Structures are given as structure tokens and as C-alpha cells.
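Novice: What follows is a structure written as C-alpha cells; I'll ask about it next.
Below you can see the structure in the form of C-alpha cells.
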């Protein structure tokens, strides 16, 4: 794991797998969008509204996974001081916030016709809203200090503290009475059980795969440009230093 | 102990303490976190003297509609609460389906001013639902046996 802490090593691997991730993302989206939004059958009680679920569940899956990645990277940054882990966490945060917002909005659009309300303060919805605030707080805190290293540390601590919310979101529908339905997938001894018919589960899996690949492809792009920006900054600084040495200030 | 080791233990211990504390808080506030009470809880505790929400299944054969006036029973198969409501019901509302009603207990009847439908975790095409019902392997409102769907 520690060898990925070296930016050059990391980017060599990331650049090598990037075309594969991006290609897979395109293929999955090309399959998922028509199947999920047009060709899959409607649901027996929701009708066509079920198609919102494909976007909703995929976004919700990513908002959880990305927060997990941010929390793990924050721990690595705090414990081993790997700057690469910090970069990965910071690059992931806006994407996580976006998918969290998407999950909230698609859920509300689905809730109005199905439940009869956009919003209730049940445990699942409230904890998801808290996750959104954690994302926003993380982004704001990491940029709130003059000294960027202090901001990195403060944000990493916030990310770790907030990681408690992830299992709460996941289990909220089991621990408390909620309006939100229970999980549609349950891990059991024989693998993953689902109460979703295969004809509706296939488009969901395709969409989740496409979303996941999209995130990883964007992450590589963001890290690449982040590292290049750092290189440019360093080059500029040394240029200015050289300039200043050669020519005293006017 | 190296500094890295010490930081690792500090992070682990911090997370452990935090989740322990939070678990106590969440347990203590359980009655405030649940969105609704079941008819059994309503019967056992005076939880609905003030405004509250109750939830359960709409009892089969209990729905009576007169224009916008509706009355139905909410059941958790042990206890049942009679509900009165005036207003528009959500699309998913029907007998055997999960429901959450917001209102107040008055003289043994729950007077609701808002009714929400609870959606279950079963998703399938209409043809599959019809086939399952026809073969008698599943009734609406019951959980779909996973083995049947696959």
C-alpha cells in the first residue's frame, strides 16, 4: 500500500489503467442508459417511476463509497502523512457531494408521487442530509486556512469523525422505523440476495458499474491535473526566486 | 512505539470512543428517531396523546371511502388502530400496503391529517407479479420470497 504514496509511482499505474476505466465507463453507460431508461419493464406498482431508482440507487451507492474512500485516505494521511492520500481525498470530495445531492434530489422527485411527500425527517433521509453537510463541511474546511497543511489536517479529522455516519445511513432502515424502504440487496451466506426481479436488477447493476467507473476515471483526471498544477507552482516559485536573486526588487 | 504507531492507535481509539458515545445517544433518543409507532406500541404506551405518526399495513377489507372521507385500519398483525382521514391519498395507498399516518388519537380513533404510502423493497414487472399471484405463490402486501423471484 505504501508504494502508492509515491506520486510518480501512483500516476504511472493510474495512467496505465485510465484508458481501461474510461473505456469501460463508456461501454457501461452506452448499455445502461437505453436499458434502464427505455427498454427495461415498468414496475408492477410504481409503473415507469421505477426508472428514477436506477439513478437514485447508483448515486446513493457512490456517495457512500466515495465517503468511505475519503475517510480511509484521511486516516492514511493523518497516520502516515501520505500527501497522495490527502490529494485523493480532496479530489473525491466534490464528486461525493454531487452524487449525494443527486441521490437526495432524485429521492425527492420519486417520493412526491410515490409516498405523497418530497421529504420526511426519517432516519434514512436525515442521515443522508447530514452526509451532504459533511461533504460541504469537508470542502469548506480544507480551504479555510491560510496554511493549506492545517486545512488538510482539520478536514481529514472531520472526514474521520463523520465516517460514523456511513454505517448509520446503511443500517438506518433496519434500526428504526423509516418511511424509506429497506435495502433491496442483502448480503447472505449464499452471496447477495435481492428482492428486485432480475429484469430490473440488470439495468441497476449496469448503471451502478457505469457510475463507479465514471468516478474512478474522473478521480484519475483530477489527480493528474492536481499534480501538474503542483509542478507548475513549484517551477514558477523557483523561477521567481531565480529572478529575484538576479534582479533586486524595484 | 513510533509516532506513526501512536497516531494509528490514537485514531482507532478515537473512532471507538466516538462510536460508543454515539451508540448511547442514539439508543437514548430511539423514540425520537423512529418516524412512526406501530399499533402495538400505541396500545402499550400513551405515545399518541399528542400528535404522532403511526405506521403499519392497511388491513384487508377495512377501507371505506365516501368522497374525500376515508376510514381504514392500520395493523401490525398483532394490534389494530382505526384511522379517519379527509383528503387525497397517495397513489400507492391500497389494502395490504404499508402506510404512515400523521395525526392524533381521539376517543380511540386515530384522526389523521396526513397519510403517506410506504413503498416496500419488492420490484418486479407487472407480468411477473400477475404470474406469481395467479400461481398462488404470493399475495400483494406479503414479502416476495427471494427464491420465487430468481
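Chains as they are written, first to last, in the working numbering: chain S, 1 to 250; chain H, 1001 to 1150. Built from N, CA and C at the ideal position, the CB exists for glycine as well. Please read these numbers as outputs of a predicted model, since none were measured by experiment.
1. Any C-beta of chain S sitting closer than 9 Å to the C-beta of residue 1055/H?
2. Return the first residue and the last residue of the beta strand (DSSP E) that residue 1106/H is part of.
3. Check whether the Cβ atoms of residue 62/S and residue 108/S sit closer than 9 Å, and answer yes or no.
4. What residue ranges within the region 36 to 117 of chain S form continuous beta strand (DSSP E) runs of no fewer than 3 residues, ordered along the chain?
5. Pick out whichever of 127/S, 149/S and 116/S has its Cα sitting closest to the Cα of residue 172/S.
6. Tell me which residue opens and which closes the alpha helix (DSSP H) that residue 129/S is part of.
7. For the candidate residues 1102/H, 1088/H and 1059/H, whose alpha-carbon lies nearest to that of residue 1075/H?
8. Which word fits residue 1137/H, buried or exposed, when buried means at least 16 other C-beta atoms lie within 10 angstroms of its C-beta?
9. Considering only residues of the same chain and omitting the five flanking positions on each side of residue 1039/H, which have a CB-CB separation below 8 Å?
10. Should residue 43/S be flagged as near chain H, meaning a C-beta pair shorter than 9 Å?
11. Please confirm whether residue 28/S and residue 1123/H have their CB atoms less than 9 Å apart.
12. Give a yes or no on whether the C-beta atoms belonging to residue 132/S and residue 101/S are separated by under 9 Å.
13. Within 10 Å of its beta-carbon, does residue 111/S have 16 or more other beta-carbons around it, so buried, or fewer, so exposed?
14. Measure from the C-beta of residue 1136/H to each C-beta in chain S and report whether the shortest distance is under 9 Å.
15. Smallest Cα separation from residue 211/S: which of 34/S, 57/S and 38/S?
16. Can you pull out the residues from the region 1025 to 1047 of chain H whose beta carbon lies closer than 9 Å to at least one beta carbon of chain S?
17. Who are the neighbours of residue 197/S on chain H, taking C-beta pairs under 8 Å?
18. Can you check whether the CB of residue 1125/H is closer than 9 Å to the CB of residue 43/S?
19. Mind checking residue 233/S: buried by the 16 CB within 10 Å criterion, or exposed?
20. Going by the beta-carbon positions, is the gap between residue 1139/H and residue 1049/H smaller than 9 Å?
21. Counting only Cβ pairs nearer than 9 Å, list the residues of chain H close to residue 115/S.
22. For residue 208/S, which residues from the same chain have a beta carbon less than 6 Å from its beta carbon, with the 5 sequence-adjacent residues on both sides left out?
Specialist: Put simply:
1. Counting from one through the second chain, the residue named residue 1055/H turns up at place 55. Yes, its Cβ sits closer than 9 Å to a Cβ of chain S.
2. Within the second chain, numbered from 1, the residue matching residue 1106/H stands at position 106. Note, residue 1106/H: beta strand (DSSP E), 1098 to 1106.
3. Position 62 of the first chain, counted from the start, is the residue given in the question as residue 62/S. Position 108 of the first chain, counted from the start, is the residue given in the question as residue 108/S. No, the pair does not count as a contact, with Cβ atoms beyond the cut-off.
4. Segments of the beta strand (DSSP E) lying fully in the region 36 to 117 of chain S: there are none.
5. As a first step, residue 172/S must be located in the first chain, where it is residue number 172. Among 127/S, 149/S and 116/S, the Cα nearest to that of residue 172/S belongs to 127/S.
6. To locate residue 129/S, count along the first chain from 1; it is residue 129. 123 to 142 is the span of the alpha helix (DSSP H), which, as asked, contains residue 129/S.
7. Numbered from its first residue, the second chain carries residue 1075/H at position 75. Cα-wise, what sits closest to residue 1075/H is 1059/H.
8. Residue numbering aside, residue 1137/H sits at position 137 when the second chain is read from its first letter. Exposed, because fewer than 16 other Cβ atoms sit within 10 Å of the Cβ of residue 1137/H.
9. Translated into positions along the second chain, residue 1039/H becomes position 39. Same-chain partners within the cutoff: 1054, 1056, 1074, 1075, 1076, 1078, 1079, 1080 and 1081.
10. Counting from one through the first chain, the residue named residue 43/S turns up at place 43. So yes, residue 43/S belongs to the interface.
11. Your numbering for residue 28/S matches position 28 in the first chain. Your numbering for residue 1123/H matches position 123 in the second chain. Cβ atoms of residue 28/S and residue 1123/H: not closer than 9 Å.
12. For the purposes of this step, residue 132/S is taken as residue 132 along the first chain, with counting starting at 1. For the purposes of this step, residue 101/S is taken as residue 101 along the first chain, with counting starting at 1. A contact, by the Cβ cut-off of 9 Å.
13. Numbered from its first residue, the first chain carries residue 111/S at position 111. Buried, because 16 or more other Cβ atoms sit within 10 Å of the Cβ of residue 111/S.
14. To locate residue 1136/H, count along the second chain from 1; it is residue 136. So, not an interface residue.
15. As a position in the first chain, residue 211/S is number 211, starting the count at 1. Closest by alpha carbon: 57/S.
16. Cβ contacts with chain S come from 1026, 1030, 1033, 1034, 1035, 1036, 1037 and 1038.
17. As a working note, residue 197/S is residue 197 in the first chain. Result: 1123, 1124, 1125, 1128 and 1149.
18. One-based indexing of the first chain puts residue 43/S at position 43. One-based indexing of the second chain puts residue 1125/H at position 125. Yes, these two residues count as a Cβ contact at 9 Å.
19. Reading the first chain from its first residue, position 233 is the one you call residue 233/S. Classification for residue 233/S: exposed.
20. Looking up residue 1139/H in the second chain gives position 139. Looking up residue 1049/H in the second chain gives position 49. Not in contact: residue 1139/H and residue 1049/H (Cβ atoms no closer than 9 Å).
21. As a working mapping, residue 115/S is identified with position 115 in the first chain. Going along chain H in sequence order, the residues near residue 115/S (Cβ under 9 Å) are 1090, 1092, 1100, 1116, 1117, 1118 and 1119.
22. Indexing the first chain from 1 puts residue 208/S at position 208. For residue 208/S, where only same-chain residues beyond five positions count, the Cβ hits under 6 Å are 58 and 61.
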